[in-house]
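This note's numbering puts the sequence shown at residues 59 to 397.
Notes follow once the structure below has been shown.
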Amino acid sequence: MTTISEAVRDFKEDLVVNKGKSLRTAGAYGTALNLLTEFLAAESLPPATTDVGELTVDHALRFIPWLVTVHFQGQVRPATKRTYLTGVQAFYKYLLRNRLIEIPLADYERLNEEYGAARRVREHRLPRVPAEGAVQRLLAAVRSVPPFRGDRPDDRRRELIRLRDIAMLELLRYSGLRVGELVSLRRGDLNYEEATLLVRGKGNRERVVPIGRAALQAIRTYLSARGDGGAGVALHTLPLFARHDRGAGDRVLPLSTNSVQNAFREHAAAAGLYRQDEEKKITPHSMRHYFGTRMLDETGDLALVQDLLGHASPQTTRVYTEVAMTKKKRAHRKVFGES
C-alpha cells in the first residue's frame with residue numbers, strides 16, 4: 059500500500075529529478091499538496107495512513123472551494139490560486155501515470171475541465187485612471203525643465219532629451235498608445251497634414267490614431283532640433299523617438315520601453331506624483347486609461363474607443379464603462395450626502 063503522504067513525497071521528488079521543474083516551482087507545488095493533505099485530513103482521510111487509491115476526483119473538486127473560502131478566507135491572489143490548482147492537477151496526473159489510482163476517463167476529463175475553469179477566473183480590477191489635475195501637473199513638470207543652450211555635446215544631448223520627453227508625454231496624453239507601440243514608431247508613421255499616426259499594435263494590427271495639435275507641435279519641435287538629415291539613411295525609417303545618451307553617440311537608435319518608463323518616472327517624481335503605492339502612482343499605462351475613459355466620457359462610443367486603443371475585443375474596452383459608472387455613483391453620493 060502507498061499512503062497519500064508517501065505519494066506526495068514521491069511526487070515532489072519526481073518534479074525535480076524527472077520533470078526538471080525549478081526548485082521554486084517544486085516548492086509552490088509542494089505547498090499546494092501540503093494544503094491538499096490538510097483538506098483531506100478534514101475529510102477524514104488522514105494522509106499518513108490512508109491508501110492513495112482512495113482518492114477520487116470529487117476530493118480534488120471539493121478542494122477548490124475549501125482552498126478559496128476556508129484556507130484563504132476569500133482573499134487568495136488569482137496567481138496563487140492558479141499555481142496551487144496546477145500543482146494539485148499535476149499530482150493527480152502523476153498518480154494516474156503511475157497507476158496509483160483508478161479514475162474513469164469521464165471523471166478525469168471533468169477534473170481537467172473544472173480545474174481549467176477555476177484557473178481562468180481572474181481578479182477583476184478597474185484600471186487606475188489619473189485625474190485631470192494630475193495629468194496637468196505631470197505635463198507642467200516636464201515643460202518646466204529649462205532649456206540647455208550651451209554648445210557642448212552634453213548640452214545638446216540634454217536639450218534633445220528635454221524636447222523628446224515633452225513630445226512623448228504629450229503624445230501619451232493625446233493618443234493612449236501603449237509604451238511598446240510608442241517605441242516602435244518611425245518618422246514615416248507620422249502624417250503631418252492629418253495630425254495622425256500609423257500605429258502597429260498587438261498582433262501586428264495597424265490602426266490610424268489622431269494625436270492633436272499640441273502633441274504634433276511638440277513632435278515637430280523635437281524632430282527639428284534633432285536634425286536627422288545627415289544620418290545617411292531614409293528619414294522615414296528612423297525612429298520617431300530616439301536615444302540621446304552617450305552610448306548612442308551620433309547614431310539614431312530607438313528607445314527601449316524601460317527608457318520610456320524611467321523618463322516618465324523621473325517627471326512624475328518631479329511633479330510629486332510618483333508613489334511606491336501601486337494604487338496611487340501614475341504610469342505610462344495609466345495615461346492610456348486616462349485617454350480611454352476621457353474619450354468614452356465625451357463620446358459614449360464604445361466601438362470608437364476600442365478602435366482608437368487597438369483592443370481586439372470590445373470586452374477589454376468595456377471596463378471603461380465601469381469606470382464611468384463608478385464616477386457617476388461617487389458623484390451621486392456626494393450630491394445627496396450618502397456615505
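Quick reminder that beta carbons are idealized off the backbone N, C-alpha and C, glycines included.
Just so you know, these numbers come straight off a predicted model, no measurement behind them.
With a threshold of 16 other CB atoms inside 10 Å of the CB of residue i, please say whether the residue is buried or exposed.
| i | result |
| --- | --- |
| H325 | buried |
| H294 | exposed |
| Q334 | Its pLDDT being 49, under 50, Q334 is placed unreliably by the model, and the measurement read from it follows with that caveat. Exposed: under 16 other Cβ atoms inside 10 Å. |
| L81 | exposed |
| V363 | buried |
| A327 | exposed |
| E336 | Residue confidence is low: E336 scores 48 on pLDDT, short of 50, so the model does not pin down where it sits. Its coordinate-derived value is still stated next. So E336 ends up on the exposed side. |
| T351 | buried |
| L163 | exposed |
| K139 | buried |
Would you kindly report the start and end of the unbroken alpha helix (DSSP H) that includes residue i?
| i | result |
| --- | --- |
| T357 | 342 to 357 |
| Y232 | 211 to 233 |
| P123 | 115 to 123 |
| Y403 | With the chain covering 59 to 397 only, the question about residue 403 has no answer from this structure. |
| H325 | 315 to 328 |
| A246 | A small correction: the amino acid at residue 246 is Gly; Ala does not occupy that position in the sequence shown. Careful: G246 lies outside any alpha helix (DSSP H) and carries neither H nor E. |
| T89 | 81 to 100 |
| E239 | 237 to 241 |
| L158 | Careful: L158 lies outside any alpha helix (DSSP H) and carries neither H nor E. |
| D286 | Run containing D286: none; DSSP gives neither H nor E here. |
Starting from residue i, follow the beta strand (DSSP E) in both directions and report where the run begins and ends.
| i | result |
| --- | --- |
| R135 | Taken as a continuous stretch (DSSP letters only), R135 belongs to no beta strand (DSSP E), as it is neither H nor E. |
| T254 | 254 to 258 |
| V267 | 264 to 268 |
How close, in whole Å, do the beta carbons of residue i and residue j come, if the pair is a contact with beta carbons under 8 Å?
| i | j | result |
| --- | --- | --- |
| I340 | P188 | 5 Å |
| Y152 | F69 | 5 Å |
| R220 | V203 | 5 Å |
| L196 | P342 | With a Cβ gap of about 11 Å, L196 and P342 do not count as contacting. |
| P105 | T60 | About 11 Å separates the two Cβ atoms, so there is no contact after all. |
Less than 9 Å between the C-beta atoms of residue i and residue j, yes or no?
| i | j | result |
| --- | --- | --- |
| A329 | A225 | no |
| H347 | R216 | no |
| L313 | F299 | yes |
| I400 | T254 | The requested residue 400 does not occur in the structure, where the chain is confined to residues 59 to 397. |
| V110 | I161 | no |
| V134 | V126 | yes |
Residues bridged to residue i by DSSP?
| i | result |
| --- | --- |
| P312 | A300 |
| T61 | D109 |
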